[in-house]
Amino acid sequence: MTPLALRQGRLAKRLSQTQAAQRLGVSQPYLALLESGRRRLTADFTRKAVRLYGLSPAALPHSSPPDRTHDADTPGQLVRDLAALGYPGFAYLRSRHGKLKNPANVLLTALAQSDLEARLVEALPWLLLKYADMDRAWLVREAKLRDLQNRLGFVASLARRLAEMANDQTRAHTLRALEDELDASRLEREDTFKASVAEAERRWLEQHRPEEAKRWKMLTDWTAETLRYATV
Numbered sequence: 001m002t003p004l005a006l007r008q009g010r011l012a013k014r015l016s017q018t019q020a021a022q023r024l025g026v027s028q029p030y031l032a033l034l035e036s037g038r039r040r041l042t043a044d045f046t047r048k049a050v051r052l053y054g055l056s057p058a059a060l061p062h063s064s065p066p067d068r069t070h071d072a073d074t075p076g077q078l079v080r081d082l083a084a085l086g087y088p089g090f091a092y093l094r095s096r097h098g099k100l101k102n103p104a105n106v107l108l109t110a111l112a113q114s115d116l117e118a119r120l121v122e123a124l125p126w127l128l129l130k131y132a133d134m135d136r137a138w139l140v141r142e143a144k145l146r147d148l149q150n151r152l153g154f155v156a157s158l159a160r161r162l163a164e165m166a167n168d169q170t171r172a173h174t175l176r177a178l179e180d181e182l183d184a185s186r187l188e189r190e191d192t193f194k195a196s197v198a199e200a201e202r203r204w205l206e207q208h209r210p211e212e213a214k215r216w217k218m219l220t221d222w223t224a225e226t227l228r229y230a231t232v
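Here our numbering is used: the first residue of the sequence shown is 1, the next is one more, and so on.
#1: With DSSP as the reference, label M240 as helix, strand or coil.
#2: Reducing DSSP to helix, strand and coil, say where K13 ends up.
#3: Have a look at the DSSP bridge pairing and note the partners of K194.
#4: Is L55 near G89, with beta carbons less than 7 Å apart?
#5: Can you give me the Cβ contacts of Q17 inside the same chain, cut-off strictly under 8 Å, excluding the 5 residues immediately before and after it?
#6: At which residue ranges does the region 39-78 contain complete beta strand (DSSP E) runs of 3 or more residues, listed in the order of the chain?
#7: With three or more beta-carbon pairs closer than 8 Å as the criterion, would you say the region 153-163 touches the region 211-231?
#8: So, does the region 190-201 touch the region 113-122, judging by three or more C-beta pairs under 8 Å?
#9: Could you tell me the alpha carbon to alpha carbon distance between L111 and L100, rounded to whole angstroms?
#10: So, do the region 56-63 and the region 76-83 have three or more beta carbon pairs nearer to each other than 8 Å?
#11: Hey, A132 and R171 are a contact pair by Cβ (cut 8 Å); roughly how many whole angstroms apart?
#12: Beta carbon of L107, beta carbon of L127: below 7 Å?
#13: Measuring only the C-alpha atoms, how far is S185 from A156?
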């Protein structure tokens, strides 16, 4: 979040600096320093401001995503993170969620998993569609550093297709631009969301996967039409 975005968020809520400072737990002079860029915005303060002003979680600071991994604790955390971001599939957890996180971080953490549960794979196109204002440059750079560009590109293609189905041309254009940027560094080796897939299923997917999966070298049969949560 920039100091300007902080100020604009307050003005959009029609709050004075004194009113906003009181709700954010800081003094008015300190808030003035933050809005002018003379004090650094901390992660905790930014999180409070995002909630108070109703700003996109994409304004939250980024943390360093993991490299490719299989962490038994990660799926449960991802479920909670997605619930906090409003994913309808995990709405039953929304009242018990933890800290709100930047959706780009949640997305890359999920993509870095070697064995990602189907219910989590299904949530990722919704995440890109809902938060099309993610920092694209950061997202692409971090994905490429971890060889996740094919996974991200495929998810982006599903999200773009959802936008097209909803006749949301603005989001479709944004997601197409993300695909195009990733396409320049597309890897030629086959990839999958589930490394433990049986060899027989792997061979079947090689022959029967949809065109977008072929394009991104992904061994999967996910299509936009099979996603349960296709709107935001």
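We put the beta carbon where it would ideally sit given N, CA and C, even for glycine.
To lay it out plainly:
#1: Since the first residue shown for the chain is 1 and the last is 232, residue 240 is missing from the structure and cannot be characterised.
#2: Note: K13 maps to coil in three-state DSSP.
#3: Beta-bridge pairing links K194 to D115.
#4: Contact flag unset, no.
#5: Cβ contact annotation for Q17 (same chain, cutoff 8 Å, sequence separation greater than five): R10, Q28, L31, A32 and E35, in chain order.
#6: Counting only runs of 3 or more, we get nothing.
#7: In short, these stretches touch, since the Cβ pair count reaches three.
#8: Result yes; three or more Cβ-Cβ pairs closer than 8 Å.
#9: Going from the Cα of L111 to the Cα of L100 covers about 19 Å.
#10: Contact annotation: the region 56-63 does not touch the region 76-83, with fewer than three C-beta pairs closer than 8 Å.
#11: About 5 Å; that satisfies the 8 Å criterion.
#12: For L107 and L127, yes; Cβs fall inside 7 Å.
#13: For S185 and A156, the distance between alpha carbons rounds to 15 Å.
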